[in-house]
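Some notes on the structure that comes next.
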Amino acid sequence: LTSNPSLYLTRPFDETPKKSNPFSVLQAYNIFGFYSPTKALEMADSFELIVTRKEPVLVSPASETPKGLHYLSNLDQNIAIIVKTFYYFKSNSRSNKDSAEVIKKSLSEVLVHYYPAAGRLTISPEGKIAVNCTGEGVVVVEAEANCGIEKIKKAISDIDQPETLEKLVYNVPGARNILEIPPVVVQVTNFKCGGFVLGLGMNHNMFDGIAAMEFLNSWAETARGLPLSLPPFLDRKLLQPRTPPKIDFPHNEFEEIDDISGTGKLYADEKLVYKSFLFGPEKLEKLKILSEKRSTTFQTLTGFLWRARCQALGLKPDQRIKLLFAADGRPRFVPELPKGYSGNGIVFTYSVTTAGEVTLNPLSHSVGLVKSAVEMVNDGFMRSAIDYFEVTRARPSLTATLLITSWAKLSFHTKDFGWGEPVVSGPVGLPEKEVILFLPCGSDPKSVNVLLGLPGSAMKVFEKLMDI
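Heads up, the sequence shown is in the numbering used here, so the first residue is 75 and it goes up one at a time.
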C-alpha cells in the first residue's frame, strides 16, 4: 500500500478465470444471497450490446488503513444481496478518455475513509457476517461498448430488458455465495458517443441506501478534488444487542406463511412480466382522497399497491399475507444514529393479515395497516428486532409477502465525478419477484416511479387496477 497516487493500483484481481465469453452466464443474487443463473438475451430491436472487458484489477486504499475484523450489526445481517446500479455520464466539454483513471484514483483516495469496503466478508467467531479489513481493495473493470448510448436507450428505459443493463455491471466469475464477492465491484464502460457508464455492485450487508448514496457522494467529491462534506461514521457497535437480549415485541416479519392460493405455481407456470408505473402529483393526490385518511405519500401508495397486487394474483380471502418494508431507524433510535452512519440503519416493519381483509375492504383500510406498521417503529421495537436476531438468527420469509423497497428519496441524479450529474441512473433489475421498488423521477421530488414484476395474467389485471 502506498500514498503515491501513481501507484494506487496494486495488483491484478487474481480471481479472474481464463478468458471466455463474458456474457455466457450472468450471475444474479436474490434477496437472501442465493445464486441463480440468467441468460443474456438480444434486445427487442435486434441490436445486441457487446461489451469488451479488460482484466479486472484491485484498487486499494491510497494509504495504510486499519486491519482486523470489522463488526457488522444485526441490522446488517438481514439482507445478504448485491445491489446493482448504473450511472450514465456525458459532458460536452469533457470526453470519456480518462474516465477509468479518474474513477480509480478517486476510489483509492476515498477508500482511506471507507476502508471496510476494501476488505472481504467473512464469518465471525460468533457465526455472523463480519468484514475482514485486509485492504485488498475494490475490484474494478474497464470496458468498451460497441455503440453509443442511444442504441440501448430502450433497454435503459424498459424494466423488462434487464439483460442489457446486466452487461454494464461486473459479476465475479464462479462466486458461489455472498462471501466470495468483494463488498464493492466497479465497472467503467466507455461508449462511442463519448459518455461512460459507472456500473456498481454493492453488498447490502455493508450499506443501506442512505449509506450507499453517502459513499458515492464522498467518492464523487474526491474525484472533483473536494474534501468530504460528510465523513463516514464507521463504528457499528452502537447497534450491538443488549445483554441479556430483551425481546419486547412480536416479530411477525419473520413469520413463515403457507401458500394456500397456489401463487408459487402461478409464478412457475407463467413468464414474469416487468412493468413500471409513474405516479405523478395529481395521481398521488387522487389516491390520498380515495384513501380517506391523512397519510403520507408512501403510506397511501403502499396500501394501494398491496391491495392491487393481492387482487391481481387472485389470492384466496383466507390466505394469510405479509407486507414488509424498511423504515429508516436513524432518527428513531435514542439517541439518534450519528450523521454519516455508514451501515444499515434500516429495520423491517410489517403488517400480517388476510388477503380478504385487504381486498374486500376499502383502500382506507389497507392504508391504515401501513400507517400502523410505520407507527410501530421506535427505539424499543428496533432494539427488540436486533435482540430477536441475536437469539434466533432468523431472516424474513417472502412466501405470500410483498416487500416494498423505497429509493424515492435517494439522490441518484446528483453524483458528479467531473462530468456533471448523470444523464440517467437507476437499478439494474429487481432482486426478487416479491419486490416492488419505488424510484425517484429525476429531480422531480413529487413523483414516484414504481417498478415490479408479476406473472403475465396477473400483470394484465394489475395494469387495469392502476387506471384510477
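C-beta: ideal position from N, C-alpha, C; glycine also.
Measure the Cβ-Cβ separation of residue 456 and residue 414 and say whether it is below 8 Å. Contact: no.
Measuring CB to CB, does residue 386 end up less than 8 Å from residue 451? In this structure, residue 451 does not lie closer than 8 Å to residue 386 by Cβ.
Look at residue 510 and residue 360 and say whether their C-beta atoms are less than 8 Å apart. In this structure, residue 360 does not lie closer than 8 Å to residue 510 by Cβ.
Need the endpoints of the beta strand (DSSP E) that residue 158 sits in, please. Note, residue 158: beta strand (DSSP E), 156–163.
Ends of the beta strand (DSSP E) at residue 392? Run containing residue 392: none; DSSP gives neither H nor E here.
So what does DSSP say about residue 523, is it helix, strand or coil? The answer is strand: DSSP assigns residue 523 an E or B state.
Boundaries (first-last residue) of the alpha helix (DSSP H) holding residue 189: Taken as a continuous stretch (DSSP letters only), residue 189 belongs to no alpha helix (DSSP H), as it is neither H nor E.
Give every residue of the same chain whose Cβ lies closer than 8 Å to the Cβ of residue 332, excluding the five residues on either side of it in the sequence, and list them in chain order. Taking residue 332 as the centre and dropping the five residues before and after it, the same chain places the C-beta of 394, 473 and 474 closer than 8 Å to its C-beta, in chain order.
Just to confirm, are residue 366 and residue 438 a CB contact at a threshold of 8 Å? Residue 438 sits close to residue 366, with the two beta carbons spaced by under 8 Å.
Which partner residues does residue 218 have in the DSSP bridge list? BP columns for residue 218 point to 126 and 264.
Measuring straight from C-alpha to C-alpha, what distance separates residue 286 and residue 171? About 27 Å.
So what's residue 270 in DSSP terms, helix, strand or just coil? In the three-state DSSP reduction, residue 270 falls in the strand class (E or B).
Under three-state DSSP, which class holds residue 100? Per-residue confidence for residue 100 stands at a pLDDT of 24, beneath the threshold of 50, marking its modelled position as unreliable; no derived number is given.
Please classify residue 298 as buried or exposed, where buried requires at least 16 other C-beta atoms within 10 Å of its C-beta. Exposed is the call here.
Name, in chain order, the residues that DSSP records as bridge partners for residue 194. Residue 194 pairs with 206.
For residue 439, which residues does DSSP report across the bridge? DSSP lists no partner for residue 439.
Quick check: the Cα distance between residue 406 and residue 423, rounded to an integer number of angstroms? Going by the C-alpha atoms only, they are around 13 Å apart.
Return yes when at least one heavy atom of the ligand ADP lies under 7 Å from the C-beta of residue 375, else no. The ligand ADP is not part of this structure, which contains no ligands at all.
Residue 401 (DSSP reduced to helix, strand or coil): In this structure, residue 401 counts as strand in the three-state DSSP scheme.
Which residue comes first and which comes last in the alpha helix (DSSP H) that contains residue 612? No answer is possible for residue 612: it lies beyond the span of the chain, which begins at 75 and ends at 542.
Let me check understanding here. Comparing Cα to Cα, which of 243, 147 and 350 lies closest to residue 213? Of the listed residues, the one whose Cα sits closest to residue 213 is 243.
Locate the beta strand (DSSP E) running through residue 531, then write down its first and last residues. Here residue 531 belongs to no beta strand (DSSP E); instead the alpha helix (DSSP H) covers 530–539.
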